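These notes concern the structure reproduced below.
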Amino acid sequence: MFSKELYFILEEKSLKEVFALSVAFSKWLNDNKIKEISINLNNIYEFFIAFFGTCNAKAKCFINANEGYVLNDADFAKINLVHTQDEFLLDENFEFFVKTSGSSSKSKNIKKTFSQMINEAKALDKFLNLKEKTFFSSVPHLHLFGLTFRVFLPLISGGKIYSTTLNYPEIMQKINFKNGIFITSPTILKAIYRHNNLPNLAQISLMISAGSKLNDDLRKNLISKYNIKIMEIYGSSETGVIARKFEDEFEIFDEVEICTKEDNRFFINSMWCKDFLSNDVGKVDGKKLILSGRLDRIVKLNDVRFNLDDAENLLKTHEFISDAKCGILDNDNRVSTIITLSDIGKKAFLKGGKKLIVDELKALSKNDFKTNLRHFRIIEEIPYNENGKFKKDDFLNIFKTFKTPFIKKITDKKIDENSSLFEFEIYTSEESFFYEGHFNTFPITPGFIEIGFIYDALESLEFNIDMIKTIENIKFTALLRPFEKVILTIKKDKNIFNCQIKGDKIYASARVKFEDKKD
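So the sequence shown is residues 1 to 519, counted in full-length UniProt numbering.
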């Protein structure tokens, strides 16, 4: 059933050797009376051993969870695997649980079987006709997309596995991608395109992307730059793969049957997914699949029915905006929006603050969405995960938290017994909470915040700020504005700390005196 040709490059191990170690792992499970396990291993070679060893032992198996015995990288390294004469026995009905992405609701465990995964991998191998390929990946194998394409597809097709997860461009520079299949996400592809020193990517036979929508312009730019094929996958944790796209439209895989039900929701059947009514909506035209969005993204507010995805797409057409996400907060009936600024948007923010940005976006969206886009939060970057997913919980948390400037110690130097020099790097991002309210038309960093930098720095150095006697000679000599990277210098001389915030100019200075230590 599985290809005997599968080989792990970095570990120099064959599949036969991996299965022998899996049997040893199953013995370890039985010896330790472990009947339920969560496999949270980041190394795919070690994951193979533990995953198939758990199957062989018929223990209850969770992936990337906290159920039963939780197996992480450090724990696995301590296990002494003792070879036995037993053979690896595959149970195609073996069940395991894997988490959903959490992009549309809270993440949950869903049940899968080896039979489902094998049938899916066979269908993919039949379509792709893979021969002597090497599998590279920027996505983890602990979610279903990675599990399908990093674990089960190579098991069926054969080839080689490069174990290291290539999740940022710099570690890709010296990789030989010849005959490579690169499993990735839009998040990583965006980072790759921005990098200018990856000519070896042109060796890749095929890039496979999933997790979130791949921007059409990004696809075209990558193809033009590297002359490579990119296959975008449409599917979900619950359904597995459904369709693929190389150019303009998604085409349904031959082994998948799909139709639409009430509200144009997709109803899906395949050898790896039975009778699943999706929250995704759209149209089916023969083998072509036209996506309209998710049912839970279509809302009706103030007698206006609209798609939150459409609102995001409209906002992203404005020159101020780099990215946008819309949603409805708990116990609220108005749309809240997260935006990141383009370079042009950052210049506008400096000129007119958040109010200028928001006024522009409300004017842009008024015709289509009336006044339903009400709350806006400007952040530095939308936190997509390695699979290109943005979790609903992350959206909610952004509106619950207030961002303060980044502060990092870069110098800690003892000059003599009584004197020391400390330096801290501070970045005032557009996300900082104090650029709203009084400062939403001309953003500046308030003086009390700059004094707060000094307090935070002293506290991080474990000085007791309750023992501060006075702060004197406070001077604010220039306006500290967004997007500034400055250095806070603190010179300690006994109980006196001379502080200065400086970039291309001096922004503020002060002298802090602590109470004299009593004998």
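All C-beta atoms in this analysis are idealised placements derived from N, C-alpha and C, irrespective of residue type, glycine included.
Because the structure is a prediction, the values reported are computed rather than measured.
| Asked | Found |
| --- | --- |
| Could you tell me how far apart the beta carbons of Leu291 and Gly282 are, in whole angstroms, since I believe they sit closer than 8 Å? | 4 Å |
| Rounded to whole angstroms, what's the CA-CA distance from Ala508 to Asn331? Just pull it up for me. | 43 Å |
| Would you be able to state if there are at least three C-beta pairs under 8 Å between the segment 130–145 and the segment 156–164? | yes |
| With 16 as the cutoff for other CB atoms within 10 Å, does Gly345 come out buried or exposed? | buried |
| What's the call for Glu5, buried or exposed, on a 16-neighbour Cβ count within 10 Å? | exposed |
| Buried or exposed: which applies to Gln116, given that a residue is buried once 16 or more other Cβ atoms fall within 10 Å of its Cβ? | buried |
| Does the segment 350–368 come into contact with the segment 449–457, if we say contact requires no fewer than three beta-carbon pairs (one atom in each stretch) closer than 8 Å? | no |
| Pull up the distance between the alpha-carbon of Ile188 and that of Glu92, whole angstroms please. | 34 Å |
| For His438 and Glu462, I'd like the C-alpha separation in whole angstroms. | 33 Å |
| List the DSSP bridge partners of Asp323. | Thr340 |
| Using only the alpha-carbon positions, how far apart do Phe266 and Val82 sit? | 49 Å |
| For Ala508, does the three-state DSSP call read helix, strand or coil? | strand |
| Going by alpha carbons, who is nearest to Lys78 out of Ile110, Phe25 and Glu262? | Phe25 |
| Ala457 bridges to which residues according to DSSP? | Beta-bridge pairing links Ala457 to no other residue. |
| Taking C-alpha atoms, which residue in Ala348, Leu155, Ile328 and Thr184 lies nearest to residue 528? | With the chain represented from 1 up to 519, any question about residue 528 goes unanswered, as that position is not in the structure. |
| By a C-beta neighbour count over all protein chains shown, 10 Å radius and 16 as the cutoff for buried, is Lys354 buried or exposed? | buried |
| Helix, strand or coil for Ile468, going by three-state DSSP, please let me know. | strand |
| Whole angstroms is fine: what's the gap from Ser322's alpha carbon to Lys513's? | 45 Å |
| Could you please give me the residues that DSSP links to Gln500 through a beta bridge? | Thr489 and Ser509 |
| Measure the C-alpha to C-alpha separation of Leu480 and Pro405 and round it to an integer number of angstroms. | 12 Å |
| Taking all protein chains shown into account, decide if Asp519 is buried (16 or more other Cβ within 10 angstroms of its Cβ) or exposed. | Bear in mind that a pLDDT of 47 at Asp519, under 50, signals an unreliable position, so the model cannot answer this. |
| Between Glu67 and the rest of its own chain, which residues show a CB-CB distance below 7 Å, the 5 nearest in sequence each way excluded? | Glu36 and Ser38 |
| Hey, how far is the Cα of residue 579 from the Cα of Ile468? | Any property of residue 579 remains undetermined from this structure, which presents the chain solely from 1 to 519. |
| On the criterion of 16 or more Cβ atoms from any shown chain inside 10 Å, does Arg297 qualify as buried, or is it exposed? | buried |
| Hey, would you say Asp368 sits closer than 9 Å to Leu301, going by beta carbons? | no |
| Can you look up Thr113 in the DSSP assignment and give me helix, strand or coil? | strand |
| Can you tell which of Phe390, Gly146 and Phe19 has its C-alpha closest to the C-alpha of Cys55? | Phe19 |
| Short check: CB of Ser432 to CB of Pro482, under 9 Å? | yes |
| For Tyr168, name the three-state secondary structure that DSSP assigns. | coil |
| Could you check which residue in Lys112, Ser107, Pro154 and Lys108 has the C-alpha nearest to that of Lys126? | Pro154 |
| Check for me: the alpha helix (DSSP H) holding Glu92 runs from which residue to which? | That residue, Glu92, is in no alpha helix (DSSP H); it is neither H nor E in DSSP. |
| Compute the Euclidean distance between the alpha carbons of Asp456 and Val256, then round it to the nearest angstrom. | 58 Å |
| How many angstroms separate the CA atom of Ile192 from the CA atom of Ile181? | 16 Å |
| Where do the N-terminal and C-terminal ends of the alpha helix (DSSP H) with Ala243 fall, by residue? | No alpha helix (DSSP H) contains Ala243, which is instead part of the beta strand (DSSP E) from Gly240 to Lys245. |
| Consult DSSP for Ile444 and reduce its assignment to one of helix, strand or coil. | coil |
| So what's Tyr384 in DSSP terms, helix, strand or just coil? | coil |
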